[in-house]
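Chemist:
Numbering (UniProt numbering), first residue to last: 1 to 205.
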């Protein structure tokens, strides 16, 4: 694996807008996240029956990844793409819902459908299933977007032949505040893979 790596493509979801490589592919008019993400899903013709059962964090990560990967002509069998995601709120939005379901002892009824999403890395599984990704995956919690960590981790995986490509980024959801930025690292591309470019792309939307 050459030391010269590139960012092949990237996607953003923020402020009711979905974009790929800097081009807006959907602009919503509803500030409520569940309504916005449902409209984006339909507009982008995403096809995944489990989407509507996911928690908000998984919907956000899944749609950002799907919007980016649908243009990559992936194999229908197995794709050696690693996943490295991060955020600052972990699965806090879903954790609150789970806590609310168990705090009233008289109406104690924890929902398995909610509980399954009380780990932030569950969204990695949803992305992997849809796009048949069978390489390494990790989810990190930072107090802010950490380009340096993503850069070093992706380089390590690629330079040690642990993956052919790495899908990296930041997917954060807390109450109705949300932000997603994903980018694909590989040997080919027009944008040099370094922390300066990662931060520049992160701040575009």
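Glycine residues also receive a C-beta, built at the ideal position from the N, C-alpha and C atoms.
Small disclaimer: the values here were computed from a predicted structure and weren't measured.
So, is residue 138 buried or exposed, given that buried needs 16 or more other C-beta atoms within 10 angstroms?
Modeler: For the purposes of this step, residue 138 is taken as the residue at position 138 of the chain shown. Exposed, because fewer than 16 other Cβ atoms sit within 10 Å of the Cβ of residue 138.
Chemist: With residue 134 and residue 68 assumed to form a contact (beta carbons below 8 angstroms), what rounded beta-carbon distance in angstroms separates them?
Modeler: In the chain shown, counting from the first residue as 1, residue 134 sits at position 134. In the chain shown, counting from the first residue as 1, residue 68 sits at position 68. 18 angstroms between Cβ atoms; not a contact.
Chemist: Just mark residue 198 as buried or exposed, buried being the case when its beta carbon has 16 or more other beta carbons within 10 Å.
Modeler: What you label residue 198 is simply residue 198 of the chain shown in a count that begins at 1. Its Cβ being crowded by 16 or more others within 10 Å, residue 198 is buried.
Chemist: Identify, in the order they occur along the chain, each residue of the same chain with its Cβ nearer than 6 angstroms to the Cβ of residue 193, setting aside the five sequence neighbours on each side.
Modeler: For the purposes of this step, residue 193 is taken as the residue at position 193 of the chain shown. For residue 193, where only same-chain residues beyond five positions count, the Cβ hits under 6 angstroms are 5, 6, 7 and 185.
Chemist: Is the segment 81-90 in contact with the segment 22-31, if contact means three or more CB pairs nearer than 8 angstroms?
Modeler: The segment 81-90 vs the segment 22-31: no contact.
Chemist: Run the CB neighbour count on residue 78, radius 10 Å, all protein chains shown included, and call it buried at 16 or more, exposed below.
Modeler: The sequence position of residue 78 within the chain shown is 78, counting from 1. Exposed, since its Cβ has fewer than 16 Cβ neighbours within 10 Å.
Chemist: Which residues in the same chain have their Cβ closer than 7 angstroms to the Cβ of residue 144, if we skip the five residues on either side of it in sequence?
Modeler: As a first step, residue 144 is located in the chain shown; it is residue number 144 there, counting from the start. So the list reads 88, once near-sequence residues are dropped.
Chemist: Could you check how far apart the C-beta atoms of residue 74 and residue 131 are, in whole angstroms? I think they sit under 8 angstroms.
Modeler: Mapped onto the chain shown, residue 74 falls at position 74. Mapped onto the chain shown, residue 131 falls at position 131. So it is a contact: roughly 6 angstroms between Cβ atoms.
Chemist: Nearest to residue 121 by CA position, among 81, 42 and 55, is which residue?
Modeler: Within the chain shown, residue 121 is the residue found at index 121, counting from 1. Considering only alpha carbons, the answer is 55.
Chemist: Taking DSSP as the reference, what is the three-state secondary structure of residue 186?
Modeler: By 1-based counting over the chain shown, the position of residue 186 is 186. Three-state DSSP puts residue 186 in a strand.
Chemist: Could you check what DSSP says for residue 138 in three-state terms: helix, strand or coil?
Modeler: The residue labelled residue 138 in the question sits at position 138 within the chain shown. Reduced to three states, the DSSP call for residue 138 is strand.
Chemist: For residue 43, does the three-state DSSP call read helix, strand or coil?
Modeler: As a first step, residue 43 is located in the chain shown; it is residue number 43 there, counting from the start. Helix at residue 43.
Chemist: Near residue 2, which residues of its chain fall below 7 angstroms by C-beta distance, leaving aside the five closest residues on each side in sequence?
Modeler: Residue numbering aside, residue 2 sits at position 2 when the chain shown is read from its first letter. Because residue 2 carries a pLDDT of 45, less than 50, the predicted location of this residue cannot be relied on, and no value is offered for it.
Chemist: What are the boundary residues of the beta strand (DSSP E) that residue 243 is part of?
Modeler: The question about residue 243 has no answer, for the chain in this structure spans 1 to 205.
Chemist: Note down the Cα distance separating residue 18 from residue 47, rounded to an integer number of angstroms.
Modeler: Taking the first residue of the chain shown as position 1, residue 18 is located at position 18. Taking the first residue of the chain shown as position 1, residue 47 is located at position 47. Their Cα atoms are separated by approximately 17 angstroms.
Chemist: Ignore the nearest five residues each way along the sequence and tell me which others in residue 163's own chain have a CB closer than 8 angstroms to its CB.
Modeler: Position 163 of the chain shown, counted from the first residue, corresponds to residue 163. 80, 81, 82, 135, 136 and 157, listed in sequence order.
Chemist: Please say whether residue 40 and residue 182 have beta carbons closer to each other than 8 angstroms?
Modeler: To locate residue 182, count along the chain shown from 1; it is residue 182. To locate residue 40, count along the chain shown from 1; it is residue 40. No, they are not a contact pair.
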